[in-house]
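J.: In full-length UniProt numbering, the protein residues as written are 1 to 379. Okay, handing you the structure first.
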Ligand code: CAA
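Now the structure itself:
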């Protein structure tokens, strides 16, 4: 077993760290407060290859492995989880979904611009009444011969107003339940497609989360992904990889909070010494560092499984379950280490604490991860 990162991995990690510190850190507090989408930063991330890291270079992608993606996600998320969720959805759900299951025409049409961040994508599964219970799709895609007629509402869609390409899951044959579901590529601007309300969120406030409405939207048949009825498997398979991305986001939020707490503890004095000299703080730092290391190993193991074509449903779910809990626990403790300063915006840890919570909810709640894990265990 080799725990050593390669030169290439270290270079990707260093590039992501440098970008996060120089381009994302300035303005991150303001973007959070104003709910401002990091448009300029995402454009630069595209130029640097962070928006299509694993896409084949023939479609303008980075041709990198999932380990590189985990490393970059951690560094970006340490500083700005709003930017990293945009990156994660674009890389693991949209680019990967199209590259893995799309036709050659779909890949050539969409991937080159998605992989360079020229455009970004959104993944539209959740509905007002279908969150965890993803098979209960109320959005319908009626087969009309050479096109489908899409009707329904999607909720909580990351990149809802900023995406140009939407992967939309909808029910075509209700009698077949999940085997009657399809996935479609829908372009922004088609008639009948309206971007709805923007959510005013607790965390990841720089990312834009919207509801979407589809009324008699005509989707050409060639925009269906996979065979008729493949949509639910498409969604589950894509989300399995997406969970590695969100696990890495949670890892980054935790390690960002830990680094801030460590720095603060060696600077701030109380009772005549730096607070890091007090055992009460040392115990917190030791717990944080240990949990973060365990979360990192789970993320890298899931990435390794994906890169070596092994089943990664369970390892990805374990990584997300654990890393998101570590993100929550670590950020709460990082605020505590900072005392009153942790409660104000300038010190960043309160934002990281707010951002951490969503990692236990999206791309499957912690309870959903436990279902995925236990089903694998009981197979
Ligand atoms: N890969 C391929 N196929 C898979 C799969 C995978 N990883 N997991 C399941 N499937 C297949 C099964 O084999 C099964 O196929 P057959 O019926 O042909 O055998 C089919 O899918 C149904 O599987 P289940 O019986 O396990 O389905 P279920 O109804 O019991 O649900 C679930 C399982 C795990 C609860 C699932 O519904 C789920 O993951 N729910 C959570 C959904 C979710 O994560 N939503 C997040 C929204 S996206 C988001 O947050 C993005 C964003 O913007 C950040």
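Quick reminder that beta carbons are idealized off the backbone N, C-alpha and C, glycines included.
1) Rounding to the nearest angstrom, what Cα-Cα distance links residue 83 and residue 67 in this structure?
2) For residue 343 and residue 311, I'd like the C-alpha separation in whole angstroms.
3) Within the continuous beta strand (DSSP E) that includes residue 190, where are the two ends?
4) Helix, strand or coil for residue 239, going by three-state DSSP, please let me know.
5) Applying the 10 Å Cβ sphere with the 16-neighbour rule, what's the burial state of residue 54?
6) I need the straight-line Cα distance from residue 46 to residue 88, nearest angstrom please.
7) Identify whether residue 204 lies in helix, strand or coil by the three-state DSSP scheme.
8) At a cut of 8 angstroms, does the segment 224-232 reach the segment 169-179 through at least three beta carbon pairs?
9) Run the proximity test for residue 250: is its beta-carbon closer than 7 angstroms to any non-hydrogen atom belonging to the ligand CAA?
10) What ranges does the alpha helix (DSSP H) occupy inside the segment 216-269, keeping only unbroken runs of at least 4 residues that lie completely in it?
11) Quick one: Cα of residue 111 to Cα of residue 81, how far?
12) I'd like the list of long-range same chain contacts for residue 143, defined as Cβ closer than 7 angstroms, with 5 residues on each side in sequence excluded.
13) Going by beta carbon distance, what residues of the same chain come within less than 7 angstroms of residue 239, once the five residues before and after it are set aside?
14) Is it the case that the CB of residue 162 approaches a heavy atom of the ligand CAA more closely than 7 angstroms?
15) Can you give me the C-alpha to C-alpha distance between residue 337 and residue 252, rounded to a whole angstrom?
16) Assign residue 55 to one of three DSSP states: helix, strand, or coil.
17) For residue 133, count the other beta carbons within 10 Å of its own beta carbon; 16 or more makes it buried, fewer makes it exposed. Which is it?
18) From the DSSP output, read off the bridge partner residues of residue 123.
19) Using only CA atoms, which one of 114, 208, 115, 212 lies nearest to residue 159?
20) Compute the beta-carbon to beta-carbon distance between residue 31 and residue 117, rounded to the nearest angstrom, for a pair I have assumed lies under 8 angstroms.
21) Helix, strand or coil: which one does DSSP assign to residue 380?
22) Using DSSP's beta-bridge definition, name the partner residues of residue 152.
23) Which residue wins for smallest C-alpha separation from residue 246, given the options 14, 91, 37?
24) Quick check on residue 134: does DSSP put it in helix, strand or coil?
25) Roughly how many angstroms separate the alpha carbons of residue 146 and residue 223, rounded to a whole number?
26) For residue 96, which residues from the same chain have a beta carbon less than 7 angstroms from its beta carbon, with the 5 sequence-adjacent residues on both sides left out?
27) Measure the CB-CB distance between residue 150 and residue 168 and report whether it falls below 8 angstroms.
28) Distance, Cα to Cα, residue 155 vs residue 199?
29) Quick one: Cα of residue 249 to Cα of residue 103, how far?
T.: From the atom records:
1) 19 angstroms
2) 42 angstroms
3) Per DSSP, residue 190 lies in no beta strand (DSSP E) and is assigned neither H nor E.
4) helix
5) Flag for residue 54 reads buried.
6) 12 angstroms
7) coil
8) yes
9) no
10) 231-267
11) 24 angstroms
12) 172
13) 363, 364
14) Look at residue 162: its beta carbon is at least 7 angstroms from all of the heavy atoms in the ligand CAA.
15) Taking the straight line joining both Cα atoms gives about 18 angstroms.
16) coil
17) Label assigned to residue 133: exposed.
18) 167
19) 208
20) Their Cβ separation, rounded to whole angstroms, is 17 angstroms, which puts residue 31 and residue 117 out of contact at 8 angstroms.
21) In the structure displayed, the chain extends from 1 to 379; residue 380 sits before or after that span and is not available.
22) 214
23) 91
24) coil
25) 11 angstroms
26) Around residue 96: 54, 238, 241.
27) In this structure, residue 168 lies closer than 8 angstroms to residue 150 by Cβ.
28) Inter-residue distance for residue 155 and residue 199 is about 10 angstroms (C-alpha atoms, whole angstroms).
29) 30 angstroms
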